[in-house]
Amino acid sequence: MVAEGPAEGAPQGRRGRARAPEEWELEKAAGRPPSPPPPRAPRAYPQKSAEILSSQYGLNLFLAGLVLMFAWAVHAANLPKSAVLAYLVTLMLLQLVWMAWYVCRRCAHKRLIQDKDTHAGARWLKGGITLFAMITLIMDSFKIGYFVGYSDCLSIAEGIFPVTHALHTVVQVYFLWCHAKDIIQSFKTLERFGVIHSVFTNLLLWTNAVLAESKHQLNEHKERLITLGFGNISIELDDHAPQCNCSTTSLCSIFSQGIYYLYPFNIEYHILASTVLYVLWKNIGRNVEHLQHHKIPFKFQGKTLGTIVGMVVFATTIAIVVVYLIQIGRSKLKSEIALVMFYMFAIIVLTLMCAAGIVALLIYRLEGRSLDVSKNPARKLDGDLLVGTASGSWLLSWGSILAIICAETHPIYAWYNLPYSILVIIEKYVQNLFIIESIHREHEKGHDDIKTLRILTVSNGSTLSPAPSYKEIYNGANGLHNGEFPCKFNGSICLPESNGTGAPDEGKGEPSKALAPPASDSSHCGRSFTLDKRRILKNVAAFLFLCNLSLWIPPAFGCRPEYDNGLEEMVFGFEPWIIIVNLAMPFSIFYRMHSAASLFEVSCIT
Numbered sequence: 121m122v123a124e125g126p127a128e129g130a131p132q133g134r135r136g137r138a139r140a141p142e143e144w145e146l147e148k149a150a151g152r153p154p155s156p157p158p159p160r161a162p163r164a165y166p167q168k169s170a171e172i173l174s175s176q177y178g179l180n181l182f183l184a185g186l187v188l189m190f191a192w193a194v195h196a197a198n199l200p201k202s203a204v205l206a207y208l209v210t211l212m213l214l215q216l217v218w219m220a221w222y223v224c225r226r227c228a229h230k231r232l233i234q235d236k237d238t239h240a241g242a243r244w245l246k247g248g249i250t251l252f253a254m255i256t257l258i259m260d261s262f263k264i265g266y267f268v269g270y271s272d273c274l275s276i277a278e279g280i281f282p283v284t285h286a287l288h289t290v291v292q293v294y295f296l297w298c299h300a301k302d303i304i305q306s307f308k309t310l311e312r313f314g315v316i317h318s319v320f321t322n323l324l325l326w327t328n329a330v331l332a333e334s335k336h337q338l339n340e341h342k343e344r345l346i347t348l349g350f351g352n353i354s355i356e357l358d359d360h361a362p363q364c365n366c367s368t369t370s371l372c373s374i375f376s377q378g379i380y381y382l383y384p385f386n387i388e389y390h391i392l393a394s395t396v397l398y399v400l401w402k403n404i405g406r407n408v409e410h411l412q413h414h415k416i417p418f419k420f421q422g423k424t425l426g427t428i429v430g431m432v433v434f435a436t437t438i439a440i441v442v443v444y445l446i447q448i449g450r451s452k453l454k455s456e457i458a459l460v461m462f463y464m465f466a467i468i469v470l471t472l473m474c475a476a477g478i479v480a481l482l483i484y485r486l487e488g489r490s491l492d493v494s495k496n497p498a499r500k501l502d503g504d505l506l507v508g509t510a511s512g513s514w515l516l517s518w519g520s521i522l523a524i525i526c527a528e529t530h531p532i533y534a535w536y537n538l539p540y541s542i543l544v545i546i547e548k549y550v551q552n553l554f555i556i557e558s559i560h561r562e563h564e565k566g567h568d569d570i571k572t573l574r575i576l577t578v579s580n581g582s583t584l585s586p587a588p589s590y591k592e593i594y595n596g597a598n599g600l601h602n603g604e605f606p607c608k609f610n611g612s613i614c615l616p617e618s619n620g621t622g623a624p625d626e627g628k629g630e631p632s633k634a635l636a637p638p639a640s641d642s643s644h645c646g647r648s649f650t651l652d653k654r655r656i657l658k659n660v661a662a663f664l665f666l667c668n669l670s671l672w673i674p675p676a677f678g679c680r681p682e683y684d685n686g687l688e689e690m691v692f693g694f695e696p697w698i699i700i701v702n703l704a705m706p707f708s709i710f711y712r713m714h715s716a717a718s719l720f721e722v723s724c725i726t
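Numbering-wise, this note's numbering puts 381 at position 261 of the sequence shown, and it's gapless, one number per residue.
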């Protein structure tokens, strides 16, 4: 029995393959009677509904946790901290159950061919998550030790939470290493709820860490204001300390201080994990093209200048932060000196970053390379996060600018704060444009090191006959890069592509001696110019990467002039400005770490 073939005029190609719209347009342009365009695939309404339902489930999960944390933070009646921790522990246990079920199910079907998103879950990103997770485990051990010291007056939930969190961290890191690239095609509705539950669980853990760290920073800020004698600001310390003595006094103090120094790494761990899980959620049910994705290794070559200057900035930043934390709050004079020192250093660094970003953008304009607009959830999330989290810094900068304009008196450091705030806005504007354009640019195969040359056969006469049926893939790094002429073998010589008329570009019928030198010189000059541009871009990416890491350190470890200069608090009021800072600062801190991660990727693909 013969199978019935496709109907005449159906949009079918060879072997029954459905024709793409582009092929239909080519048939129309060629003058052949075109077959009708392919019908549009019906929309998967059940899957879209599952996506909407799961996102709403996750959002309500997150909002319920936010309300609990807010109620505890403002000392709501009959709401102890143990209620917040019990809620978080329940969410983590549910995520652990889902991850265990998912891993077991994938292992049972490991022989099946499973789709992967090669752009998701890069190794350097998972490596950063692992590093932050290891430091998070140290923080959990400190919390367990702190609970043991104050076990007489602390709730049992404060001992269960760090143990559960440590287990959750280990399992989640394993899950991300093994399954971050998965494209889920079965049990899609159930998996959407499991993944979105994991996303918002990490966001709530991030929020809990941000809240605890912000309360600690606020208490330190209030103590500095008391030392400096600000009597016109109502100051009341927000104390959540245990109401009993520690059984091991010296260790409890070490644990308490160590926890707050490790919070910045815990904060970055959870926000990075939530971004990877969000990409996994977006990839559920996605149809991907099976294209070969070449792994791009990190190479230090060509980035020496940018790395050296960036390391100088990094080392100087650490010194500035140490001096700032020592001097601030000691006296009014020392505090002003610390603020001026910080602002001057930040102005220099931000100016260099703006200049580097503008140079890179000018090179992009000269190249005029097209952008890759294909659908990519990971790349879209990177761009959205850059712009969204930059809004936190922009909010603080505009608040500082307005405070300087409206203030009745202007301390000496206020005139350094003004250019600093303006440069923060400009630098992030330029850097966002550079990063987003870099990750969307179409990169040539092999980084432009592969050139296709036509074989020309040299006869005994004075003419050259092209041999179009043979081509040689020539690696320019071994020949043209060194200024040498391409290889010669068996009476044949590799010359540049012809101009399309059958004759070489230098003229048909001329001797080979007249052809070779100009071709080699022009190719070498063009390649040298391309390498110079790429070297500049590599150094810019390396420099901006280290600068963003450097600028992540001050706010993450307590160097926050928005708290300490007092000018904004006088204009806006103490509590309104502190609320603005506490809301915007976590986004500003995350922006620097996310920018550093994106710039590392840019330096690898440039």
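For each residue, glycine too, the CB sits at the ideal point set by N, CA and C.
query	result
Report the option in Lys308, Thr436 and Ala206 whose CA atom is closest to the CA atom of Ala277.	Ala206
Between which two residues does the alpha helix (DSSP H) carrying Asn702 extend?	Phe694 to Ile725
Could you give the distance in angstroms between the alpha-carbon of Gln215 and the alpha-carbon of Leu453?	52 Å
Please state the DSSP three-state secondary structure of Arg561.	strand
Do the stretch 295-309 and the stretch 238-252 meet, that is, are 3 or more Cβ pairs less than 8 Å apart?	yes
Could you check what DSSP says for Leu274 in three-state terms: helix, strand or coil?	coil
Output the boundary residues of the alpha helix (DSSP H) element that contains Cys526.	Pro497 to Cys526
Check Leu199 in the structure and name its three-state DSSP category.	coil
Of the residues Ser334, Leu323 and Gly693, which one's Cα is nearest the Cα of Phe677?	Ser334
For Asp272 and Asp302, I'd like the C-alpha separation in whole angstroms.	46 Å
Count the other C-beta atoms from every protein chain shown that fall within 10 angstroms of the C-beta of Ala228, then say buried if there are 16 or more, exposed otherwise.	exposed
Counting only the same chain and skipping the five closest in sequence on each side, list residues whose C-beta sits under 6 Å from that of Gly279.	Phe267
Within the continuous alpha helix (DSSP H) that includes Ala476, where are the two ends?	Lys452 to Glu487
Within the same chain, show all residues whose beta-carbon is closer than 7 Å to that of Val722, passing over the 5 residues directly before and after it, in chain order.	Ile555, Ser558, Ile559 and Ala661
Going by the beta-carbon positions, is the gap between Leu704 and Ser541 smaller than 9 Å?	Note that residue 704 is Ala in the sequence shown, not Leu. No, these two residues do not count as a Cβ contact at 9 Å.
Would you mind stating whether Met464 and Val443 have Cβ atoms separated by less than 9 Å?	no
Evaluate Phe307 with the Cβ neighbour count: other Cβ atoms within 10 Å of its Cβ, from every protein chain shown; 16 or more gives buried, anything less gives exposed.	exposed
Excluding sequence positions up to five away, which residues of its chain have a Cβ less than 7 Å from the Cβ of Val319?	Gly178, Ser394, Leu397, Tyr398 and Trp401
Please look up how many angstroms separate the CB atoms of Ser202 and Ser275, rounded, as I've assumed it's under 8 Å.	4 Å
Just tell me which of His285, Glu343, Ile387 and Val217 has its CA closest to the CA of Phe707.	Ile387
Quick check: what's the CA-CA separation for Gln305 versus Ser718?	29 Å
So the alpha helix (DSSP H) Tyr533 belongs to, where does it begin and stop?	Segment: none, Tyr533 is in no alpha helix (DSSP H) and carries neither H nor E.
Let me check understanding here. Comparing Cα to Cα, which of Pro531, Ile483 and Phe182 lies closest to Leu324?	Phe182
Beta-carbon separation of Asn552 and Val479 under 9 Å?	no
Can you check whether the CB of Leu425 is closer than 9 Å to the CB of Phe665?	no
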